[in-house]
Every structure is written in C-alpha cells, then in structure tokens.
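Peer 1:
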Amino acid sequence: MKEITTLKDLMVFHLLSLYDAELQWSEALKEISGTMAAKDLKKIFKSSGIKASTHVQKLKDIFMQTQISTLSKKNVVAKDLVKEMNDLQNSAADPEVLHAGQIVIHQCMSHYMIAKYGTVASYARLLLQEHIASALHEIMEEEKEIDEELSRLAEEKINAKAKTALIV
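To convert, note that position 113 of the sequence shown is 113 in this note's numbering; the numbers rise steadily by one, no gaps.
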C-alpha cells in the first residue's frame with residue numbers, strides 16, 4: 001500500500017526531504033568554505049552554512065509541533081549537488097573558474113530549496129497550519145536572499161575573474 005494518501009502526507013514527505021537536504025548542505029558548506037580563498041565567496045558560503053543549520057532547527061521545531069517522529073527520508077538532490085560540488089573541486093584547474101562553478105551549484109541548491117519551501121508552505125496554508133507556513137515562507141525568503149547575494153557576487157566579480165583565467 002502506498003503511504004502518501006493526503007496533502008498532509010505529501011507535506012510531511014517534503015518536510016523530511018528538506019530536513020535531510022539542509023543537513024547535507026550545511027555540512028558540505030562548512031567543508032567547502034573552509035578551503036575557499038575568495039573572501040567574499042567564503043563569507044557567503046559560511047553564512048549560508050550557518051543558515052542551513054538554523055533551518056534544520058526550525059524544521060525540527062515543526063516536526064515537534066506536528067508530531068513527526070521519523071527523520072529517515074534521504075534527499076537525493078542534495079546528495080547529487082554535494083557530489084557535483086566535490087567533483088568540481090577535484091576537476092577545476094583554476095581557482096577563479098572553480099569559484100564561478102561553485103556559485104552555480106550553490107544557486108542550483110538555492111533554487112531547489114526556494115521551490116520546495118514555497119510549495120510546502122502553500123500546502124501548510126491549505127491545511128490551516130499557518131504557523132508552519134509562516135516558518136517555511138521565512139526560510140524561503142532567506143534562500144532568495146542567498147541566491148541574490150550569489151548572483152550579485154558572480155556578476156560583479158567572480159565571473160569576470162573566471163573569464164580572465166580562461167583567456168590567459
């Protein structure tokens with residue numbers, strides 16, 4: 001018998017998926033930011049890792065409120081993006097090109113999280129769980145801010161440096 005039969009079940013499915021994604025991403029960002037030379041990028045990655053850890057706690061609070069006890073859902077998107085980030089680090093010959101690539105992967109994760117948090121917040125609203133919807137919407141807005149910071153940094157500095165590295 002299939003387990004997801006209601007919108008609430010679907011919301012729980014995605015909440016568990018988000019929880020694992022945030023755990024994986026916070027660990028990856030801690031590792032990656034520790035090796036970065038570009039100060040601006042390092043600052044964003046480090047801050048983003050801290051926010052991901054905060055998101056984990058907010059999700060735990062939601063689980064307590066909704067009596068969700070199992071946290072065993074694995075997020076394959078996060079796993080693959082962490083792997084892609086590691087592959088890039090092992091493959092990029094130039095640090096400037098590496099930084100441009102790291103931004104792309106981070107933005108992929110941010111866009112995924114924005115979509116997922118927005119959708120799950122919508123489910124919570126429909127289920128009259130306004131406190132959950134509000135918390136998820138707040139996290140989604142933080143993800144949007146991170147994405148905007150990364151775009152600004154890429155456009156103003158990182159991509160131009162990567163382009164120069166390619167020409168040399």
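Cβ coordinates follow ideal geometry from the N, Cα and C atoms, glycine included.
Could you name the residues of the same chain whose beta carbon sits closer than 7 Å to that of K8, not counting the 5 residues immediately before and after it, in chain order?
Peer 2: L127
Peer 1: Which same chain residues end up closer than 8 Å to V120 when comparing Cβ atoms and leaving out the 5 residues on each side of it in sequence?
Peer 2: Cβ neighbours of V120 beyond the five flanking positions: M11, H14, L15, L18 and L136.
Peer 1: Using CA coordinates, which residue listed in A100, T6, S134 and M113 is at the minimum distance from A160?
Peer 2: A100
Peer 1: Leaving out five residues before and five after L150 in sequence, what residues of the same chain have Cβ atoms less than 8 Å from its Cβ?
Peer 2: I44, I103, H106, Q107 and S110
Peer 1: Alpha carbon to alpha carbon, how far is K83 from K144? Give it in angstroms, no decimals.
Peer 2: 23 Å
Peer 1: Determine the extent of the alpha helix (DSSP H) in which I62 is found, giving its start and end residues.
Peer 2: K39 to T66
Peer 1: Using only alpha-carbon positions, find the residue among Y123, D147, Q89 and L81 that is nearest to K51.
Peer 2: D147
Peer 1: Taking just the CA atoms, how far does E141 sit from E130?
Peer 2: One C-alpha to the other measures close to 16 Å.
Peer 1: Determine the extent of the alpha helix (DSSP H) in which E149 is found, giving its start and end residues.
Peer 2: E130 to L153
Peer 1: Taking all protein chains shown into account, do 16 or more other C-beta atoms lie within 10 angstroms of the C-beta of N90, making it buried, or fewer, making it exposed?
Peer 2: exposed
Peer 1: Determine the closest residue to N75 out of A21, T164 and S134, with distance taken between C-alpha atoms.
Peer 2: Closest option to N75, judged by alpha-carbon separation, among A21, T164 and S134: A21.
Peer 1: Using CA coordinates, which residue listed in T164, K163 and I158 is at the minimum distance from A38?
Peer 2: I158
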